[in-house]
Every structure is written in C-alpha cells, then in structure tokens.
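Dropping the structure here:
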C-alpha cells in the first residue's frame, strides 16, 4: 500500500478537466483511489471519505490537491505520471520561437474579429470578464449563475448604451447562425428566431420544431431573471430588436415564465412595434406546454405538424398503483413535468422546482409519494458538474428510487455540451433497476435532434432496448408516465 | 445596435469551463480560450472598481509615463540633491529600520558611515546603527532611486536627471562597478577608498563633461541600447558603450589633467553597469509625474529593501504595499550558491516599472542564462508582460518582436486577474554583511502586494 497526498500551488484547472484527470488516474493499474481537485472545502471533505488522512493537509481553493492510494510504490508512481500526463494536455512538444502566451483575461483574448464572449467562470468572477467584453464592444453570453441582480442590471445597462447584447447570467443555451453555444442542439437553418429565458425550454422547443422540419434562425438566451421586475426585460428587448432586424427570421418566439406585469407590457409594446411577427410562449400552470407551443408555431407558419417521434415500450406497460418518480437534468423540463403530472395525478407531487402546484422538497432529494426532482438545482450541483454532463448523481438516485417506484420518468438531453453518450450509462442502470423491481415502468423524455453528435437514434434504441418508452416530446413523456399510475 | 452577433461569422472567446471551447471547436468555430484562473481577490473587490474611471485614469497615467523626456543634466552632492545631512541616509525599497535590515543593507550603511567619517571601525558603525542613531528614509521618498542597498549618504555625488516634459528631477548615485562594492553590502577599505575617489575625481569630471555636452538625451540612448541587446537592468553593456561614445569628446574638452581623464574614462568604460545608475533615475523621472492620479491602478514604484518587497500605486498616494522579499533564482558567481543569497534588494525594479528590465527581456537574448537558458524564455517573458501592462512604449522597441513597443505601465488589476506577476531581473547580494555580489537572476514578486493594492483601490472607490 502506498499513499500520496500533497498540494501543488500555481496550478489551476476547472472542475470538469480535473474530473477527467481524476478518472484517468483512478484508471491506472494498481491505483485504488484518486482525487485530483482544487482544494475547495467541498473537495477536501471528500478525502477522509476516500480513506485519506487530511490532518496535515494545508490546502486552499487555489491549490491543486493530488491524492492517490495505490497497491504499491510502482503503481503510485504510475498514478503520479498519469496526473502529469493528463494535466499537460495535448500540446505540442516544440517551444516555438516567440509564440505569445495564452491570454489570461477576456480583455487580452479579444481581437477585432471577436463577435461573442462566452463566460462560464464561477459567478463571483463572471462580471469582470463580461465587463471586458462590453468595454471592447463585443456581445457576451454569461453562462455562469450566482451573479447578483445588481450586477446583472449594471451589465445590461452598459450593454444597452453600447448597443450590445448580454445573454444571461445563467443563460444555458443559445444558437447563433447554426452555432450552438452552451448546451444546444444541432438544428437546421430556418425561419424561427427564439428569445429564451429558459435553457432546456429552448432546447425542447428547437428539437420539436426541427423534428417537424421547421428550422431555426437563432436562439438568443437572456437568462432566467431577465423578465423579472428588477431586470425589466433589458436583454429580451435587445434580443427582440436584433431578431427583428435579422432577414432570416420570419417569426420571433419569446419563451419565458410569465413576466412581471410591467415587463409584460414593455415586451408586448415592443412585439407590437416589431416588423416581424412575435409570439410569446409563457410557461406556467394552465398554459400551453412546450409541445403545444411548437405545434402553434407550425400552424402560424402554415406548416404541417407531424406527431413528435416516439419509441413506445413493447409490450405497452399496464397501469399500476404506486409512486411516479421523475429524475430530471433539465430545469424547465422538470417544471413542465410537475405542471402536467399534477393535472393527472390525484395525490400531490413533491418537487424542488418553483410551481404553485407542487409540494416543496425543502432541500431533500426524495420524498414519500410522487416526486419530480431537478438534479441540476444548486443544492445538488455544488462541487460537481451539471447532471447533463455528469450523470453520477442521477445513476445513484435511479438505484435508490427504483425499488419503491411504480413509474420512473427521466429526461435525456442531447446536443453540444451534453454528455457524449448518456444512454451508454443510463441503459445498464435501467436494466439493473428493472431487475430489482420487475413491476417498474420507465419513460424517457429524449430532448435531441437527428443531427446531434450523440446519434439520437442510437440513444433512443439503447434506452428502448433497456425497456423504456422513449418520447421526443417531454409533455407526451410526462402524460404517458403519469397515465400509468393507477389512482 | 452595434452588435455583430447575428451579422458576422462567429468568432468566440471562451472564458471558464473548457467544455465550451471544445464544443465550439468541434463545430468548426474560430475560438480563443482564455487561460483563466481565479483572481487573487474576491469578485466583490473587482466589482467595486469603476471600470470606466479606471480606464480613463490609467490612460492618463500611461500617457504621462511614455511622454517623459529624461535628460542627464548634471551632478550634485546628495546633501544638495536630496537634502540629507550627516546621520541621515537614504536606502532602497520601502521604509526600513536597522532592526529589520538584512546583512547587505546593514553592510552598506556601515560602509557609508565609515565613508562619511561617522565611525572609524565597522564595529563602531554597527553600534551606531544598533543605538538607533541613524535616520533612514527610502530613496523613493526623496526623488531618488538606488540600486541594490541603494544607500545614499550626504557626501556622495548623484546624477541629476531632468524630465523635460514635466519639469521634474530624479537622482541616483554613481555606479561603483561590480564585486566588492557598497551597494552589495561590502565595506572593506577598498570600498570606502573607491567612494572617496568617486566623490573627489569621478563626480567633478563628469559634472564638467555634462556641462560641456549639455543635457544628454537618455530616452534616445535607451531606445538605441534596446536595439543593441540590452534590457537595461541586468544588461547595460550597449548603453554604457553608447554613453562613453557620446560623452568622451566632451570629457576630453574639460580642462582636467590628462591622468584624471584617463582614470575616469577607464573606470566608466570598465564597468558594464555604469549606465544602470542613469537609466534608473531616467525611469524614476518618468514615473514620478504619474503619481496621484485618482483611480489609477498603475504601479509608480516597485522596490525592495532586502527584507520587504513593496510597491506604490498611482491611485493610492504614498502608501507602500509590502510583502516578503523573495530570494532570487539565477546564476551564482564562483563558489557562491543559493544558500549565500540575500532576499531581493534594490530600487532597480524602477526599470521594470517603466517598461524595461525583465519587461524588455526579449531584447536581450545574450543574457537568457540568467532566466532559464533559452531564447524562447526571454521572448515568453516579455510577451507575458503585455497582459499586465496598460500599453506599449512608443520609443522603447524590441527588434525580435517586429519592433513592438515594450510592455509598459504595470497594472495591479491586470495582475490580480491574470495571476501573472511582474518579471523582474535582478542582481543577487550575499546575505552576510560585507560579502558583496554573489550572482544575478530572476525574482518572483509576492502576489499579496498587488492584491493589497487592488483592495485599497476598491476601498477608495467604495468611499467615492
């Protein structure tokens, strides 16, 4: 047995990279446990649990902590070599002659050709980078969350003065001229431009439209708070103006939760004044679900609306008594699930998404009775990547919930930025779950397009082969799942 | 709208998660990834700064810095130049007491006391120091700069450099040469004898020569030397040669005895670092007019006293932000090793503060051994400084970088955001008093001084 526990200063890598490094090291022969991570409190707490004695460890959040336990010294050395090799990345071996060092700030990285800055630093530090973009006259998409409302308003005011757009904070999805930013699906070009205050809502809508043969010009994410009274729809109005000027956009859709009343009026006024037709799609109790919104767009464009693709389980599952358990990665998909399930189910649905119709979870990850949980919520993502990238928490919850559930409902989000093969991990987990509880039915809401890099057909086939009903429409998946519960 | 998002080919800068750089590259999009790391201050500190005011103030500070027209115009005794009397001494770096002074600083003070006749033996001088009878002040507080220990006593002759653009003066002692010299903390008889000769022969001869010559343009000489392989901190060979060439006719035109002129010419010509003591006050004369610009985050002084590393920043008045001086890495003379090295010392970092020295390292491939051994190291050093400076010097250019101006105007905000600290070349003094120089190399400034400066700027911004 050989152990290494040490810190390295002056080294920084983001958590996604370090997760991959940790995995590479843990996969080295003879290595029994490995953690390569920045010394944040969350990461440090992991170490005792992995069997490392941290009494002597003095590490701060800017220190890289390398912890490896191996069967012997040779294996430990191999593990440490793997750390160095993984951290070194794929750079060339030549020093070059005067190649400039990589830029360390956004201001340094911007040149005259830059059209957009995409900020995904921890929220506390996102404002400085976004300010750099605006100061250089460049639009910015702030993927980061945890940016204060004051900072958001200040950024958007600076942008307005310069005629620029701030997407976000907390803007998960955008598509500009076919290029996906953040989490986005591969869609065909077409007439629909979307202003989205919801990331997975925009993904669902674009996927359904793409499936119906209706293309997308652009999707401009504005952040979930943009239409609040405090922010006043600043980015929504700017995005509306941009799409109105865009010759490729024939119809603009504003996708959001119901805005604050004053803001709704401002958006309506702007929509009325626009030369391009504008539809507003507001997500909430008693309102159209996203699939109905997509159908409405097809109708408005005078295009046919084929039913969204699905892969029903064979044989079709029967109704059964018990719990509906929804484990979601997409926030808006989870919200839609709560709203639609609550319409169908007699007993209350426990959920961690804000709706008037659900019983709150109050920070817990489970509850007795029906359950819909958004695993992308802050409560669960602190110190680990979003469940659309890292499914480990969801795999854990599937195993834990399956024995006591009647119907398991999952979303699987494909596209740029998402896990490269979610079904590859989920299908075996579903097989195990069905082994443990043969009375279980599984329904999957698959949010993706035929062009997505994960190969949507193969993903659907793998999930279907594991026993799931698979639906491209989230609404249809939820209704199918809830319809399987016997009152 | 001036947004180009929907009208131009996407060309994206990503900052943060690596994933998004990869997904964009996979889509064939032109993408530049920021090599981001968390700043050394809380986001709220950077958030408190008024970026518009910061940019305006820094533009003003930078413009003043590069507008400087430093000329060597004369020589005066420290008594007349900086107004010190017997018992008063200037020293390098931020404020210091005898108790906290390192070996070479004490050694230099001992040598200066012997030279001024305040003590007859080193032990007597040490006793004076220990009794607290010395009045010490930083060179920077008196319009002066001093290399290494930077000790200035009243009788020493000093170069007077005048900034024509702003009318201010800066002062520096005359360079003694290498080896056992006062500025490295040596105080043997030969050291004191040399200082006396400099006071009686060298100073007056040079004063006469510059009188004949008239003001000598240091900006033009520095720009020339950069194109001849100097970075003007650890290499002053070209600059010294140019200086000798420029001054020699005037020196010969003075009515001093030929034997004296030969001594002076031989002394100046034999010391590759003679010009260091002219480029330093030239830099000081350029940075002083940049002080006290409200809101500016530009460094106006960066200096070490052998114990502390300190900076002063334009927007924070006379405050020094100090941290522990590091022990330099580099090459050592003879049998000396890193064990013999004193922590970093000297005001010569005024060269880096004005866009020279380590910031101009790419101009001086001949001395790359000091900093790691390869020319690529020198090129990388200069290029990595563009990220922490406000602009590029219009006159100081680096041939190998296609005559790009040197990175000029160190910005503490850029430092805390990028995690890149100034690249500082330096001489290395022996840690024992009386040893002298033991090597030369590179030192890493402590990040905490830049962090503290940014926090102070944020405090001022919050206070309005």
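Chains as they are written, first to last, in the working numbering: chain A, 44 to 530; chain B, 933 to 1396. For glycine and all other residues, C-beta sits at the position ideal for the given N, C-alpha and C.
Bridge-paired residues (DSSP) for residue i
i               : result
residue 943(B)  : 962(B)
residue 47(A)   : 111(A)
residue 261(A)  : 219(A), 236(A)
residue 1236(B) : 1241(B), 1278(B)
residue 1253(B) : 1243(B)
residue 1303(B) : BP columns for residue 1303(B) are empty, so no partner.
residue 1004(B) : 1093(B), 1148(B)
residue 1009(B) : 1089(B)
residue 1225(B) : In DSSP, residue 1225(B) forms no bridge with anything.
residue 121(A)  : DSSP output for residue 121(A) lists no bridge partner at all.
residue 445(A)  : According to DSSP, residue 445(A) bridges with nothing at all.
residue 354(A)  : 513(A)
residue 403(A)  : 394(A)
residue 1067(B) : 1020(B)
residue 1339(B) : 1324(B)
Expected contact under 8 Å - CB spacing of residue i and residue j to nearest Å
i               : j               : result
residue 1319(B) : residue 147(A)  : 5 Å
residue 456(A)  : residue 226(A)  : 7 Å
residue 169(A)  : residue 162(A)  : 5 Å
residue 1230(B) : residue 1382(B) : Going by Cβ atoms, the distance from residue 1230(B) to residue 1382(B) rounds to 12 Å, so no, they are not a contact pair.
residue 431(A)  : residue 470(A)  : Not a contact, Cβ separation roughly 17 Å.
residue 166(A)  : residue 232(A)  : The pair is not a contact, with the Cβ atoms about 33 Å apart (cut-off 8 Å).
residue 979(B)  : residue 194(A)  : 7 Å
residue 439(A)  : residue 409(A)  : Actually they do not touch by this definition, with Cβ atoms about 11 Å apart.
residue 491(A)  : residue 502(A)  : 7 Å
Partner residues on chain A for residue i, Cβ-Cβ distance less than 9 Å
i               : result
residue 1127(B) : What residue 1127(B) touches in chain A: nothing, since even the nearest Cβ is about 42 Å away.
residue 1138(B) : None at all; the shortest Cβ gap to chain A is about 39 Å.
residue 1352(B) : 144, 147
residue 1011(B) : Within 9 Å Cβ-Cβ: nothing; residue 1011(B) doesn't reach chain A, min ~47 Å.
residue 1346(B) : 147, 148, 150, 151
Proximal residues of chain A, C-beta to C-beta of residue i below 7 Å
i               : result
residue 978(B)  : 171
residue 940(B)  : 158
residue 934(B)  : 180, 205, 206, 207
residue 1039(B) : Within 7 Å Cβ-Cβ: nothing; residue 1039(B) doesn't reach chain A, min ~34 Å.
residue 1032(B) : Within 7 Å Cβ-Cβ: nothing; residue 1032(B) doesn't reach chain A, min ~27 Å.
residue 1383(B) : What residue 1383(B) touches in chain A: nothing, since even the nearest Cβ is about 12 Å away.
residue 983(B)  : 174, 178
Residue i, enclosing beta strand (DSSP E) - first and last residue
i               : result
residue 1261(B) : 1261-1264
residue 294(A)  : 294-299
residue 75(A)   : 74-81
residue 1322(B) : 1321-1330
residue 1104(B) : 1100-1105
residue 1359(B) : 1356-1361
residue 514(A)  : 511-514
Under 8 Å from the C-beta of residue i: neighbouring residues of chain A
i               : result
residue 1349(B) : 147, 148, 171
residue 974(B)  : 167
Boundaries of the alpha helix (DSSP H) in which residue i is found, first to last residue
i              : result
residue 390(A) : Where residue 390(A) is concerned, there is no enclosing alpha helix (DSSP H), given that its DSSP letter is neither H nor E.
residue 340(A) : 333-343
residue 490(A) : Careful: residue 490(A) lies outside any alpha helix (DSSP H), inside the beta strand (DSSP E) at 484-490.
Closer than 8 Å at the beta carbon, the chain B residues around residue i
i              : result
residue 285(A) : 933, 935, 937, 938
residue 194(A) : 979
residue 259(A) : Going along chain B, no residue has its Cβ under 8 Å from residue 259(A), so there is no contact; the nearest lies around 13 Å.
residue 152(A) : 945, 947, 964, 965, 966
Chain B contact residues for residue i, given Cβ-Cβ distances below 7 Å
i              : result
residue 164(A) : 947, 948, 968
residue 105(A) : 970
Proximal residues of chain B, C-beta to C-beta of residue i below 9 Å
i              : result
residue 130(A) : Correct list: empty, because the minimum Cβ distance to chain B is about 12 Å.
Task: Interface positions of the segment 200-220 of chain A facing chain B (Cβ-Cβ less than 7 Å), listed along the chain - done: 205, 206, 207, 208, 219, 220
TODO: For the segment 223-245 of chain A, enumerate the residues whose C-beta is nearer than 8 Å to any C-beta of chain B, in chain order.
DONE: 223, 224, 225
Open item on the list: Along the segment 940-962 of chain B, where does the CB come closer than 8 Å to a CB of chain A? Name the residues.
Closed with: 940, 941, 942, 943, 944, 945, 946, 947, 948, 949, 950, 951, 952, 955, 956, 958, 959, 961, 962
TODO: May I ask you to list, following chain order, the residues of the segment 1281-1313 of chain B that have a beta carbon less than 8 Å from some beta carbon of chain A?
DONE: 1294, 1306, 1307, 1308, 1311, 1312
TODO: Taking only beta carbons into account, state which residues of the segment 1311-1344 of chain B come closer than 8 Å to chain A, listed in chain order.
DONE: 1311, 1312, 1315, 1316, 1318, 1319, 1332, 1333
Open item on the list: Please list, in chain order, the residues of the segment 410-426 of chain A that have any C-beta partner in chain B closer than 8 Å.
Closed with: none
Open item on the list: Closer than 8 Å between beta carbons: that is the criterion. Which residues of the segment 483-513 of chain A meet it against chain B?
Closed with: 496
Open item on the list: Beta carbons nearer than 7 Å to chain B: which residues of the segment 454-483 of chain A have them?
Closed with: 459, 460
Open item on the list: Under 7 Å, CB to CB, which of the residues in the segment 355-389 of chain A have a partner in chain B?
Closed with: none
Task: Selection of the segment 325-337 of chain A by Cβ proximity to chain B, strictly under 9 Å - done: none
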